[in-house]
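Worksheet for the structure shown next.
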RNA sequence: GGAGCAGUACUCAAGCGGCUGAAGAGGUGCCCCUGCUAAGGGCAUAGACCGGGAAACUGGUGCGAGGGUUCAAAUCCCUCCUGCUCCGCCA
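Now the structure itself:
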């Protein structure tokens, strides 16, 4: 969400940015917002003047009553009643202008970073760099589910019976591998100086509507019946929620947090649940990182964040690449975004295992996350990035560490978390 | 989950319909006094958000949140949230 003052001063820049994102249908919104802004300020000025009159009149009624000048007081009272009648309409206008303006401002995209490549959709995303050589072994790599089933690592039949499609029982060493990845990722991030955090897994509707749009909410969030609570779709929800409406002491920044949580998603719409496997499911676990920092530091944090994910995967000997989101594929709130993709030797292509975003001050403005110094206060910048989401990343791990006999090599860094097992058979 | 009490500025706290945008105390800052220390005196100290104005300045909102009653709400009523105490129930 942009600052309306910024739009007032730079309408052309805002329009230019919309064009860069190939959302020309939104161009009209800029002028619409500006004219609503004018109407809103006019209504506000008029209403404020009336409110000032009312405050004065009410104060003098008090004085008159004390002096027992009842008649005069009653006369004033009826004046105030008149003012209130006029105000009623004006206040409605104020409210409706404000709502409309806010709604439009929510859909005007954030100004993207100059470095973001221009492109229409995800087909024009740009590979930034590859890490480790993407190898294809001489033997065939089976579908990930088959790999896991061969080592008795999953029970989908029971999960379907107990919870339905989109759930799984991870079993034995695969379950252990899953936990090992989470534990390793946690320690990896702690070593990078992040503060480990286990957040609430349910959040109030107030927070939900703060951190996402209604459409997203409908497509993703599970509601707890009879409670004003939703299961989180990612720990980012609780982690950013932690900072809603806060004024943060400049000296305490940056906040660099890494959080663990299960994630619950309806996955309604677009893709749906895959029939076979653990690529897209209703419940998974994720280690996340978020940063709340000074505006001038967000660009450098962005670089650090996605590189942490890259380093983590490289340390597990999984080839990855960084892929920059082009302008057209970039979500409206984001200034810049890079996906980390892992190599799939089966599909002979990379697939997404993490996503790193710099939101600039857009999220902070929307949620009221501010920084205070002796000059005053201003909006923080926020960033978030996946450290690792094991069920999905397990696909990459299994495919890249599969041996010809169907056993799975445990990456060295994970062995301490696996009772020093070297191979899963 | 039940019962009771509470939520006011950096902190504690008074106020319980108009004279309160908020007494008082502490803290903090500046100044004075004191050989040093302990102590004392004076002055200042609501941040935030949204408007208007070239500016000086000025209007509005704001006493946990949201509604309501009233000419007028920190103050009365309702809902919710949070904290504390007791009971119940549990890892």
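Residue numbers (the numbering used here): 5 to 429.
The beta-carbon is built from N, C-alpha and C at its ideal position, and this holds for glycine as well.
This one's a predicted model, so the numbers in the text were calculated from it and none came from an experiment.
Give the straight-line distance between the Cα atoms of residue i and residue j, rounded to the nearest whole angstrom.
i, j, result
"residue 395", "residue 381", "42 Å"
"residue 433", "residue 272", "Nothing in the structure corresponds to residue 433, since the chain is present only between 5 and 429."
"residue 392", "residue 58", "59 Å"
"residue 38", "residue 7", "12 Å"
"residue 152", "residue 158", "6 Å"
"residue 64", "residue 77", "8 Å"
"residue 182", "residue 21", "42 Å"
"residue 66", "residue 261", "54 Å"
"residue 315", "residue 253", "31 Å"
"residue 33", "residue 112", "7 Å"
"residue 415", "residue 100", "58 Å"
"residue 147", "residue 406", "11 Å"
"residue 410", "residue 426", "14 Å"
"residue 361", "residue 338", "7 Å"
"residue 430", "residue 422", "Nothing can be reported for residue 430: it is not among the residues displayed for the chain, which extend from 5 to 429."
"residue 62", "residue 384", "41 Å"
"residue 310", "residue 48", "45 Å"
"residue 35", "residue 98", "19 Å"
"residue 342", "residue 199", "23 Å"
"residue 134", "residue 326", "7 Å"
"residue 92", "residue 107", "23 Å"
Spell out the partners DSSP gives residue i in its beta bridges.
i, result
"residue 266", "289"
"residue 385", "297"
"residue 412", "406 and 428"
"residue 390", "292"
"residue 348", "353"
"residue 18", "None; residue 18 has no bridge partner."
"residue 376", "253 and 381"
"residue 358", "344"
"residue 173", "159"
Identify the continuous alpha helix (DSSP H) that holds residue i and give its terminal residues.
i, result
"residue 310", "302 to 319"
"residue 255", "Looking at the DSSP string, residue 255 is not in any alpha helix (DSSP H), and its letter there is neither H nor E."
"residue 418", "That residue, residue 418, is in no alpha helix (DSSP H); it is neither H nor E in DSSP."
"residue 227", "That residue, residue 227, is in no alpha helix (DSSP H); its beta strand (DSSP E) goes 226 to 228."
"residue 371", "366 to 371"
"residue 2", "Residue coverage of the chain in this structure runs from 5 to 429, which leaves residue 2 outside it and unanswerable."
"residue 63", "31 to 70"
"residue 284", "From DSSP, residue 284 is part of no alpha helix (DSSP H); its letter is neither H nor E."
"residue 168", "Where residue 168 is concerned, there is no enclosing alpha helix (DSSP H), given that its DSSP letter is neither H nor E."
"residue 243", "239 to 245"
"residue 8", "8 to 13"
Using the Cβ count rule (16 or more neighbours within 10 Å means buried), how would you classify residue i?
i, result
"residue 291", "buried"
"residue 372", "exposed"
"residue 180", "buried"
"residue 12", "exposed"
"residue 29", "exposed"
"residue 255", "exposed"
"residue 235", "buried"
"residue 367", "buried"
"residue 17", "exposed"
"residue 304", "exposed"
"residue 86", "exposed"
"residue 247", "buried"
"residue 217", "exposed"
"residue 313", "buried"
"residue 332", "buried"
"residue 404", "buried"
"residue 245", "buried"
"residue 118", "exposed"
"residue 323", "buried"
"residue 388", "buried"
"residue 429", "exposed"
"residue 156", "exposed"
"residue 390", "buried"
"residue 52", "exposed"
"residue 167", "exposed"
Please list the terminal residues of the continuous beta strand (DSSP E) segment that includes residue i.
i, result
"residue 324", "324 to 328"
"residue 233", "233 to 235"
query = Considering only residues of the segment 84 to 163, which uninterrupted alpha helix (DSSP H) runs meet the minimum length of 4 residues and lie entirely inside it, listed in chain order?
reply = 148 to 154
inquiry  = What ranges does the alpha helix (DSSP H) occupy inside the segment 178 to 218, keeping only unbroken runs of at least 4 residues that lie completely in it?
reply    = 209 to 215
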